[in-house]
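J.: Protein chains in written order, with my numbering: chain A, 5 to 573; chain B, 2 to 364; chain C, 470 to 648.
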Amino acid sequence: MSDEQKGDGLISVFIDGNEVRCKPGTNLVDLVDSVGKEIPHYCYHPKLSVSGNCRMCLVELGMPGKDRATGKPMLNNDGTPKVMFFPNPAIACGTRTSPGMRIRTQSEMVKKCREGVMEFLLINHPLDCPICDQAGECRLQEFSTEYGKGYSRFIEQKVVKPKRTVLGPRVMLDDERCVLCSRCIRFCKEVADDDVLGFVDRGSYSTLTCYPGKQLENNYSLNTVDICPVGALTSLDFRFKMRVWFLKETPSICTESSVGVNTMVASREGKIYRITPRRNDEVNDTWMSDSGRILYKEIEDENRLTGYASQGAFSPPDAAILQVQKYFESEKIAFVGSGGNSVEELYLFNRLSRAAKSVGNYLVSHIQEGDELLISNDANPNTRGALSVGFIESLPETELPDLASRIDSGDVDTVIVYNEDLIVAGISSEQLAKVDIVYFGTHSNATSEAASVVVPTLSVFEKAGTFINQQFRLQKFLQAVPGPDGLIDDLVSFSQLLNHVEPDSGPLETVEPIWAELSKEVSQFNDLSFNTLSPEGAQLDGAAFQHLPFCEGKTLHYEPAAETVEAGT
Amino acid sequence: METVDIIWIITKAVIVAVALLSFSNLAVLAERKVSSWIQGRVGPNRTSIPLIGSIPVIGTAMTRLGLFQPVADGLKLLLKEDPVPDHVNKFYFFLAPVAAMMPAVTTIAVLPFGQIISDGVVVPIVLADLDIGILFIFAVSSLGVYGMILAGWASNSKYPFLGGIRSSAQMISYELSMGLSILPIFMWANAPGADSGLNLFSVVQHQQGVWGVIFMPGSALLFLVSIFAETNRLPFDMAESESELVAGFNTEYGSFKFGLFFAAEYAHIIVGSGVFTALFLGGWHPLPFLSADLLPDGLLGAAFSIGIFLFKVCCMVFFFIWIRWTLPRFRYDQIMKLGWTMMLPLAIVNLVVYAIIFAFIDG
Amino acid sequence: MAIKELKRKPLTFAEKTYLPQIASGLIITLKNIFRPTITLQYPEERPEIPEGYRGVPTLVKDPNGREKCVSCQLCEFVCPPKAIRIIPGELDEEGDSAHVEKGPKEFEIDMLRCIYCGYCQEVCPEEAIWLQDEFSLSGYTREELIYQKDKLYELGGTLPDNHFKWDKKKSAEEAGNPH
Ligand code: SF4
Ligand code: SF4
Ligand code: SF4
Ligand code: SF4
Ligand code: FES
Chain A
5 MSDEQKGDGL ISVFIDGNEV RCKPGTNLVD LVDSVGKEIP HYCYHPKLSV
55 SGNCRMCLVE LGMPGKDRAT GKPMLNNDGT PKVMFFPNPA IACGTRTSPG
105 MRIRTQSEMV KKCREGVMEF LLINHPLDCP ICDQAGECRL QEFSTEYGKG
155 YSRFIEQKVV KPKRTVLGPR VMLDDERCVL CSRCIRFCKE VADDDVLGFV
205 DRGSYSTLTC YPGKQLENNY SLNTVDICPV GALTSLDFRF KMRVWFLKET
255 PSICTESSVG VNTMVASREG KIYRITPRRN DEVNDTWMSD SGRILYKEIE
305 DENRLTGYAS QGAFSPPDAA ILQVQKYFES EKIAFVGSGG NSVEELYLFN
355 RLSRAAKSVG NYLVSHIQEG DELLISNDAN PNTRGALSVG FIESLPETEL
405 PDLASRIDSG DVDTVIVYNE DLIVAGISSE QLAKVDIVYF GTHSNATSEA
455 ASVVVPTLSV FEKAGTFINQ QFRLQKFLQA VPGPDGLIDD LVSFSQLLNH
505 VEPDSGPLET VEPIWAELSK EVSQFNDLSF NTLSPEGAQL DGAAFQHLPF
555 CEGKTLHYEP AAETVEAGT
Chain B
2 METVDIIWII TKAVIVAVAL LSFSNLAVLA ERKVSSWIQG RVGPNRTSIP
52 LIGSIPVIGT AMTRLGLFQP VADGLKLLLK EDPVPDHVNK FYFFLAPVAA
102 MMPAVTTIAV LPFGQIISDG VVVPIVLADL DIGILFIFAV SSLGVYGMIL
152 AGWASNSKYP FLGGIRSSAQ MISYELSMGL SILPIFMWAN APGADSGLNL
202 FSVVQHQQGV WGVIFMPGSA LLFLVSIFAE TNRLPFDMAE SESELVAGFN
252 TEYGSFKFGL FFAAEYAHII VGSGVFTALF LGGWHPLPFL SADLLPDGLL
302 GAAFSIGIFL FKVCCMVFFF IWIRWTLPRF RYDQIMKLGW TMMLPLAIVN
352 LVVYAIIFAF IDG
Chain C
470 MAIKELKRKP LTFAEKTYLP QIASGLIITL KNIFRPTITL QYPEERPEIP
520 EGYRGVPTLV KDPNGREKCV SCQLCEFVCP PKAIRIIPGE LDEEGDSAHV
570 EKGPKEFEID MLRCIYCGYC QEVCPEEAIW LQDEFSLSGY TREELIYQKD
620 KLYELGGTLP DNHFKWDKKK SAEEAGNPH
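1) With the cut-off set at 8 Å, would you say residue 9 of chain B and residue 115 of chain B are in Cβ contact?
2) Starting from residue 501 of chain C, find everything on chain B with Cβ-Cβ shorter than 8 Å and list it in chain order.
3) How do the region 531-544 of chain C and the region 565-578 of chain C stand: do at least 3 beta-carbon pairs fall below 8 Å, yes or no?
4) Determine the closest residue to residue 179 of chain B out of B:230, B:160, B:209, with distance taken between C-alpha atoms.
5) I'd like to confirm the pairing. Which residues does DSSP put opposite residue 573 of chain C in its beta bridges?
6) Determine the direct distance from the alpha carbon of residue 111 of chain A to that of residue 21 of chain A, and round the result to whole angstroms.
7) What I want to know is whether the C-beta of residue 60 of chain A ends up closer than 7 Å to one or more non-hydrogen atoms of ligand 5.
8) Could you check if residue 571 of chain A is buried or exposed, using at least 16 other CB atoms within 10 Å of its CB as the buried criterion?
9) Within the 8 Å Cβ cut-off, does residue 569 of chain C reach chain A?
10) Of all the options A:97, A:253, A:328, A:235, which has the alpha carbon lying nearest to the alpha carbon of residue 279 of chain A?
11) Should residue 87 of chain A and residue 108 of chain A be called a contact, given that it needs their Cβ atoms to be closer than 8 Å?
12) Around the C-beta of residue 466 of chain C, are 16 or more other C-beta atoms found within 10 angstroms, so that it is buried, or is it exposed?
13) What does residue 483 of chain A pair with, by DSSP beta-bridge criteria?
14) Assuming residue 318 of chain B contacts residue 109 of chain B (C-beta within less than 8 Å), just tell me the rounded distance between them.
15) Residue 651 of chain C touches chain B at which residues, Cβ-Cβ below 8 Å?
16) Have a look at residue 580 of chain C and residue 610 of chain C and give me their C-alpha separation to the nearest angstrom.
17) Excluding the five sequence neighbours on either side, which residues of its own chain have a C-beta within less than 7 Å of the C-beta of residue 568 of chain A, listed in chain order?
18) In the DSSP assignment, the beta strand (DSSP E) including residue 613 of chain C goes from what residue to what residue?
19) Could you list which residues in chain A have their beta carbon closer than 7 Å to that of residue 591 of chain C, in chain order?
20) How would you call residue 489 of chain C, buried or exposed, if buried means at least 16 neighbouring beta carbons within 10 angstroms?
21) Contact between the region 243-259 of chain A and the region 225-232 of chain A: three or more CB pairs below 8 Å?
22) Since residue 289 of chain A sits in a beta bridge, which residues does DSSP pair it with?
23) Among the candidates A:73, A:445, A:549, whose CA atom is the shortest distance from the CA of residue 303 of chain A?
24) Please name the residue in A:377, A:497, A:290, A:334 whose C-alpha comes closest to that of residue 441 of chain A.
25) Could you spell out where the beta strand (DSSP E) holding residue 330 of chain A opens and where it closes?
26) Step through the CB atoms of chain B and report whether any lies within less than 8 Å of the CB of residue 478 of chain C.
27) Can we count residue 424 of chain C as close to ligand 3, meaning its CB is less than 7 Å from some heavy atom?
28) Does DSSP classify residue 326 of chain B as helix, strand or coil?
29) Can you tell me whether DSSP reads residue 12 of chain B as helix, strand or coil?
30) Could you name the residues of the region 153-168 of chain A whose beta carbon sits closer than 9 Å to any beta carbon of chain C, in the order they occur along the chain?
31) Apart from the five residues on each side of it in sequence, which residues of its chain come closer than 7 Å, Cβ to Cβ, to residue 498 of chain C?
32) What residues are listed by DSSP as bridge partners for residue 444 of chain A?
33) At the 8 Å Cβ level, is residue 250 of chain A part of the contact set with chain C, yes or no?
34) Between residue 305 of chain B and residue 213 of chain B, is the Cβ-Cβ spacing less than 8 Å?
35) Relative to the C-alpha of residue 153 of chain A, which candidate in A:173, A:439, A:159, A:117 has its C-alpha closest?
36) Taking C-beta pairs closer than 7 Å, name the residues in chain C that residue 134 of chain A reaches, listed in chain order.
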């Protein structure tokens with residue numbers, strides 16, 4: 005039966021004799037990967053152009069033979085198509101599938117090819133693994149154990165190349181370890197649009213360098229470290245800090261902007277060592293910004309709040325929460341939330357504001373200049389979360405003149421602030437002094453200093469939750485490290501407060517029960533729950549908010565709706 | 002009685018008691034040394050007293066022999082912290098070690114351990130030359146079990162309790178055969194005409210020619226086994242059996258109170274060995290068929306006789322230790338079985354046989 | 470297969486009395502008394518340490534006095550009781566060992582945890598950690614028995630080197646390329 009007859013647009017290819025159905029033109033490396041096998045490769049990267057220079061991916065290919073004269077398929081005696089294998093191996097990364105293609109990934113010839121390529125790659129490779137940061141996640145290590153010879157025949161002196169070359173403020177290069185795959189070059193050119201890297205010299209003396217007078221300093225430079233299959237490019241921040249095999253990886257979401265870049269947070273014993281991108285083809289492909297990678301440093305910042313305080317004096321958590329309850333009795337209470345908080349937190353915060361009969365809910369907008377790649381104009385990662393749970397109805401503004409006038413007129417005498425600085429949001433310190441402030445937040449600021457009660461909260465790395473990014477994609481993050489000693493999860497504090505003002509609200513101290521409520525209350529969230537949410541996230545229906553003039557411009561996988569752009573500009 | 006006499010008696014009593022306790026201390030050392038020899042080790046050979054220990058040859062030798070070890074051991078037991086568990090019955094808990102120690106020290110009073118010949122009359126060296134000596138010894142030494150029972154009960158915990166129960170059952174079982182086994186010897190000593198009653202001195206004197214162990218090996222064996230059982234020594238150490246009961250009746254004890262139990266055990270061994278020596282090994286008579294009468298008159302002879310007696314006691318103590326490191330412990334039921342179905346019938350048979358023999362001889 | 474019942478041999482009368490057995494036992498123990506003792510008078514007499522003995526893990530220097538450990542942390546990873554703690558650091562760009570780039574900033578082994586398994590020695594790619602013949606440790610506090618880098622080097626001393634990997638590398642670097 006021919007492929008066209010099946011009518012699903014798929015074709016059959018045969019990997020090591022097993023039939024696989026795929027789209028015509030699929031890259032062989034990806035195809036073989038998708039059936040759980042591996043074609044070792046260095047230079048191929050699914051998100052970069054194919055350069056085909058490492059030759060590690062050599063496989064044997066064959067096609068069903070056709071009679072040249074008649075154009076009819078050649079058949080064996082038993083009626084099966086006669087397969088003609090090419091005499092020479094071909095690179096899988098440069099090959100796309102066509103109907104009836106045969107691929108041998110384990111044949112003798114393929115094994116010999118790999119051994120040969122490995123041997124050449126290792127000829128000049130230094131014996132650096134003990135001091136190499138890549139060790140443990142190094143393709144060269146993995147493939148030499150799996151496909152290499154196991155010993156070296158090379159007794160001549162190795163080529164010496166520069167080590168410890170600083171390529172830019174965040175990246176260091178060790179040329180001896182480079183396998184000349186050119187992934188880093190292609191990345192800079194194709195993705196970061198900052199074509200600064202290139203090879204000089206020839207043969208085994210080929211060396212990666214920066215163009216003279218330039219530096220690898222764009223905000224995506226650390227992606228070259230991620231995609232470098234070996235330890236040639238290393239991150240100056242992570243260099244020699246910790247071996248990768250000690251690191252526990254937790255999926256998380258970058259809070260740098262509303263793009264919602266998917267990340268992996270690597271920690272050991274409660275300390276974060278690095279953040280790397282996590283592949284999500286709908287959001288960030290396999291990239292993330294350099295500035296997003298250092299956000300973890302904030303949790304050890306010196307103005308991190310680590311203790312509960314009431315009237316400026318240290319207070320045990322329970323007593324602080326009791327204090328907060330008192331302020332909730334005020335008739336003129338306003339709530340200021342933050343777009344940096346998770347959907348769950350904003351939901352509870354909203355429930356609280358309703359239960360306390362809030363006279364006004366505010367969110368502060370933080371506009372920044374995006375880079376049209378992975379940083380959007382909105383520095384709040386969860387503006388759409390606040391809209392979805394109903395905490396706000398219209399888009400937030402950078403300043404809160406409405407709140408200011410209400411304070412002045414005496415309409416508001418208590419403000420519950422969640423992770424925002426009211427001074428930055430345009431409230432003067434005189435106005436602050438007129439009201440009682442309860443501050444929930446991770447870091448201290450002018451508002452927390454003016455606050456009557458300060459409840460320290462957890463950062464995104466220390467709790468679980470979800471954000472809704474600019475595409476209305478719901479994405480979850482998990483707890484990577486424990487919070488500072490003695491800190492209670494925000495959700496627990498909120499739930500306790502809520503139980504106080506609304507005694508039948510039940511326990512909502514973790515994300516699961518909150519999601520049970522959310523999926524009932526908010527139509528967008530129907531059928532969703534935290535545990536079943538896939539790592540790639542879930543696309544929500546944002547139609548209800550489509551009319552709002554969101555501030556984001558174009559980024560990697562995001563096109564602003566046409567009328568929004570008009571409205572926004 | 003005059004005051005002087007009383008003071009003299011008290012002095013003698015103190016000397017004998019102190020001597021007994023020192024001997025029991027030495028017996029502990031002997032135990033450690035002998036056990037280490039049997040096991041191919043060297044035993045305590047480090048403890049030294051500053052000045053004496055540094056005397057060239059003698060000091061070193063004493064150190065190597067471990068002669069200072071008992072001092073260190075004693076001091077250690079005295080100075081250690083003495084915890085008293087909360088759950089014990091305090092009064093009996095404190096009483097128990099005393100109750101264990103008392104009988105051992107008391108029985109020594111009627112045990113003659115030498116003779117002195119003054120003006121041709123042979124007088125025993127003994128604190129109290131009672132006519133009912135052996136009865137007194139049995140009566141008092143069987144009080145020793147109260148120490149263990151009290152300790153076991155007052156400790157209010159399961160291992161001591163089991164230890165106490167076992168030891169009392171064992172004592173009762175073996176007391177009978179012990180009493181029966183020595184009756185022939187008194188029948189022998191009380192041949193018609195001799196009116197020595199149950200006096201130990203006269204039994205010893207009666208062995209001038211033939212030692213009891215030669216004439217009555219059966220009685221000797223039964224008695225020997227019984228005193229092993231009575232002193233709770235291996236293979237009869239049911240009361241302690243450290244592999245089953247942690248430390249048996251004295252599990253909850255520490256420091257000085259434990260020391261008392263410990264000393265009492267060895268004092269019992271020494272007294273037991275003394276009684277055996279007096280009853281079966283000819284007391285202070287140097288050799289079988291060789292009477293002590295040839296010892297010189299006066300103090301010199303007395304010293305000799307005491308020396309001979311002590312030598313025999315030492316051999317017996319060695320034997321105790323030797324047995325301990327040779328035989329494994331019996332099971333509890335085996336001990337009971339042995340006591341009631343073997344020892345008791347044998348003792349009765351033994352008694353009957355000798356009674357018949359004596360009847361024939363005398364008849 | 471048929472079951473064959475083995476009958477216990479009945480005891481003879483002599484055996485039933487136990488006495489001959491006890492006597493022969495006594496003779497055996499008596500003989501033992503006169504055997505030579507096998508005790509080692511420990512602090513004065515030292516046991517002979519056999520080759521391959523696994524004593525305290527120590528860090529060693531190469532014959533040129535360079536610390537061999539490059540803080541690859543493999544030993545820390547492999548150590549079953551997690552006795553090893555390393556904080557890696559970068560070596561001074563100026564010093565003699567600059568070409569090695571990496572070395573331990575802190576290296577501690579908790580001797581209270583160490584089980585002397587020797588995995589660390591086996592895994593070390595630089596032959597920098599060795600279980601040598603030191604076997605008696607003592608200290609008054611737990612902290613004292615967490616040996617720090619200097620103590621480990623003091624215990625380890627210098628061992629012969631067969632490779633001089635880094636020295637060769639340095640000289641190659643100095644010779645440069647015949648380019
Ligand atoms: S790049 Fe890989 S193979 Fe080369 S030294 Fe580093 S870890 Fe070893
Ligand atoms: S530095 Fe890394 S990514 Fe760049 S060419 Fe060399 S091996 Fe490839
Ligand atoms: S394995 Fe060797 S080189 Fe690596 S850290 Fe341990 S001692 Fe140092
Ligand atoms: S010898 Fe074993 S337990 Fe001790 S430090 Fe080495 S690996 Fe750890
Ligand atoms: S991956 Fe195909 S040639 Fe490099």
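Note that the Cβ used here is the ideal one computed from N, Cα and C, for glycine as well.
T.: Working from what's here:
1) To locate residue 9 of chain B, count along the second sequence from 1; it is residue 8. To locate residue 115 of chain B, count along the second sequence from 1; it is residue 114. No, they are not a contact pair.
2) Along the third sequence, one-based indexing puts residue 501 of chain C at 32. Simply 38, 39, 40, 41.
3) yes
4) The count along the second sequence starts at 1 and reaches residue 179 of chain B at position 178. Minimum Cα distance to residue 179 of chain B is reached at B:230.
5) Indexing the third sequence from 1 puts residue 573 of chain C at position 104. Its beta-bridge partners are C:557.
6) Here the question's residue 21 of chain A lines up with position 17 in the first sequence. Here the question's residue 111 of chain A lines up with position 107 in the first sequence. Using only the alpha carbons, I get a separation of about 11 Å.
7) Counted from its first residue, the first sequence places residue 60 of chain A at position 56. Yes, since a heavy atom of ligand 5 falls inside the 7 Å radius drawn around the Cβ of residue 60 of chain A.
8) As a first step, residue 571 of chain A is located in the first sequence; it is residue number 567 there, counting from the start. Here residue 571 of chain A scores only 43 on pLDDT, less than 50, and its place in the model should not be relied on; the value that follows carries that caveat. By the neighbour-count rule (16 or more Cβ atoms within 10 Å), residue 571 of chain A is not buried but exposed.
9) Position 100 of the third sequence holds residue 569 of chain C. Closer than 8 Å to some Cβ of chain A, the Cβ of residue 569 of chain C qualifies, so yes.
10) Start at 1 with the first residue of the first sequence, and residue 279 of chain A comes out as number 275. If we check each option's Cα against that of residue 279 of chain A, A:253 comes out closest.
11) The residue labelled residue 87 of chain A in the question sits at position 83 within the first sequence. The residue labelled residue 108 of chain A in the question sits at position 104 within the first sequence. Result no, Cβ atoms of residue 87 of chain A and residue 108 of chain A do not sit closer than 8 Å.
12) In the structure as shown, chain C begins at 470 and stops at 648. Residue 466 of chain C is therefore absent and cannot be evaluated.
13) Within the first sequence, the letter at position 479 stands for residue 483 of chain A. Paired residue(s): none; residue 483 of chain A is not in a bridge.
14) Here residue 318 of chain B refers to the residue found at position 317 of the second sequence. Here residue 109 of chain B refers to the residue found at position 108 of the second sequence. Going by Cβ atoms, the distance from residue 318 of chain B to residue 109 of chain B rounds to 14 Å, so no, they are not a contact pair.
15) This structure cannot settle anything about residue 651 of chain C, because the visible part of chain C is limited to 470 through 648.
16) On the third sequence, residue 580 of chain C is found 111 positions in, with the first residue counted as 1. On the third sequence, residue 610 of chain C is found 141 positions in, with the first residue counted as 1. The alpha-carbon atoms of residue 580 of chain C and residue 610 of chain C are separated by roughly 12 Å.
17) The count along the first sequence starts at 1 and reaches residue 568 of chain A at position 564. Low confidence applies to residue 568 of chain A: its pLDDT is 49, below 50, so where it sits in the model is not reliable, and the reading given next is rough at best. Once the five neighbours on either side are set aside, the close Cβ partners of residue 568 of chain A are 553, 554.
18) Your numbering for residue 613 of chain C matches position 144 in the third sequence. No beta strand (DSSP E) holds residue 613 of chain C; DSSP gives it neither H nor E.
19) For the purposes of this step, residue 591 of chain C is taken as residue 122 along the third sequence, with counting starting at 1. Per Cβ cutoff of 7 Å: no residues; residue 591 of chain C is ~15 Å from chain A at best.
20) One-based indexing of the third sequence puts residue 489 of chain C at position 20. That one is exposed.
21) no
22) Residue mapping note: residue 289 of chain A aligns to position 285 of the first sequence, counting from 1. Partner(s): A:284.
23) Counting from one through the first sequence, the residue named residue 303 of chain A turns up at place 299. Of A:73, A:445, A:549, the residue nearest in Cα terms is A:445.
24) In the first sequence, counting from the first residue as 1, residue 441 of chain A sits at position 437. Checked all of A:377, A:497, A:290, A:334; the closest Cα to residue 441 of chain A is A:334.
25) Residue numbering aside, residue 330 of chain A sits at position 326 when the first sequence is read from its first letter. No beta strand (DSSP E) holds residue 330 of chain A; the alpha helix (DSSP H) holding it covers 321-331.
26) Taking the third sequence and counting its residues from 1, the one referred to as residue 478 of chain C is at position 9. Not closer than 8 Å to any Cβ of chain B, the Cβ of residue 478 of chain C fails to qualify, so no.
27) Because chain C spans 470 through 648 in this model, residue 424 of chain C falls outside it and cannot be assessed.
28) The residue given as residue 326 of chain B occupies position 325 in the second sequence. Reduced to three states, the DSSP call for residue 326 of chain B is coil.
29) As a working mapping, residue 12 of chain B is identified with position 11 in the second sequence. Residue 12 of chain B: helix per DSSP, three-state reduction.
30) 161, 162, 163, 164, 165, 167, 168
31) On the third sequence, residue 498 of chain C is found 29 positions in, with the first residue counted as 1. Around residue 498 of chain C: no qualifying Cβ.
32) Within the first sequence, numbered from 1, the residue matching residue 444 of chain A stands at position 440. In DSSP, residue 444 of chain A forms a bridge with A:422, A:459.
33) Here the question's residue 250 of chain A lines up with position 246 in the first sequence. Closer than 8 Å to some Cβ of chain C, the Cβ of residue 250 of chain A qualifies, so yes.
34) Position 304 of the second sequence, counted from the first residue, corresponds to residue 305 of chain B. Position 212 of the second sequence, counted from the first residue, corresponds to residue 213 of chain B. Their beta carbons are not under 8 Å apart, which means residue 305 of chain B does not touch residue 213 of chain B by this criterion.
35) On the first sequence, position 149 is the one that residue 153 of chain A refers to. Measuring from the Cα of residue 153 of chain A, the nearest candidate turns out to be A:117.
36) Within the first sequence, the letter at position 130 stands for residue 134 of chain A. 539, 541, 594, 595, listed in chain order.
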